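Novice: Residues in the sequence shown are numbered consecutively from 13, following this note's numbering.
Ideal placement from N, C-alpha and C gives every residue a C-beta, glycine not left out.
In this text the structure is predicted, and so the values were computed from the model without any measurement.
Sharing a structure with you now.
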Amino acid sequence: YSDIERVEGNFIIIKQQGKETRVPLHRIRRVEEEGVIVWQR
């Protein structure tokens, strides 16, 4: 969850080790933070 940089259109931009990765929203089912669901499709 802390790696999520922003949501841009139909993609979530994740920043890890200085690189940005674009992940399509349709590939993400659920986002959890400390065991609590903060977003679910």
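1. Glutamate 17 lies in the beta strand (DSSP E); which residues open and close that run?
2. My understanding is that glutamine 52 touches arginine 42, with C-beta atoms under 8 Å, so please give their C-beta distance in whole angstroms.
3. Identify whether arginine 39 lies in helix, strand or coil by the three-state DSSP scheme.
4. Counting only the same chain and skipping the five closest in sequence on each side, list residues whose C-beta sits under 8 Å from that of isoleucine 49.
5. From isoleucine 40 to glutamate 20, what does the alpha carbon distance come to, in whole angstroms?
Specialist: Per the coordinate set shown:
1. Unbroken beta strand (DSSP E) run through glutamate 17: 16 to 20.
2. Confirmed, about 5 Å.
3. helix
4. Arg42, Val43
5. 14 Å
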